[in-house]
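Just so we're aligned, residue 1 is where the sequence shown starts under full-length UniProt numbering, counting upward by one.
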Amino acid sequence: MSGMTADPRSAWKALKEGNQRFVGGFPQHPSQSIARRAELANGQHPNVLLFGCSDSRVAAEIIFDQGLGDMFIV
Numbered sequence: 001m002s003g004m005t006a007d008p009r010s011a012w013k014a015l016k017e018g019n020q021r022f023v024g025g026f027p028q029h030p031s032q033s034i035a036r037r038a039e040l041a042n043g044q045h046p047n048v049l050l051f052g053c054s055d056s057r058v059a060a061e062i063i064f065d066q067g068l069g070d071m072f073i074v
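This is how it looks when you write it as structure tokens:
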């Protein structure tokens, strides 16, 4: 989702597609490179706000197959 616009429909579509990849066992693990981590050191601009669970077994970035900095999770 990195670099996407903040269009709600696009964000929702990306989350659904990412979850389908996770459930199907074919995650892409986007935006988790060294370059992405360096980019995030300068600030964050997530495209999604997610109210989630604090269960360590279900990290939102993993179950939605999103990259670092793509989601703000509360």
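The beta carbon of each residue, even a glycine, is placed where N, CA and C say it ideally should be.
> For the candidate residues 21, 73, 12 and 28, whose alpha-carbon lies nearest to that of residue 51?
Replying inline: 73
> When you compare only the Cα positions, how much space is there between residue 55 and residue 26?
Replying inline: 22 angstroms
> Just curious, the alpha helix (DSSP H) that residue 22 is in, first and last residue?
Replying inline: 8-24
> Who pairs with residue 34 in a beta bridge, going by DSSP?
Replying inline: Answer is none; residue 34 lacks a bridge partner.
>> Taking the alpha carbon of residue 28 as the reference point, which residue from 35, 17, 69 and 45 has its own alpha carbon closest?
In response: 17
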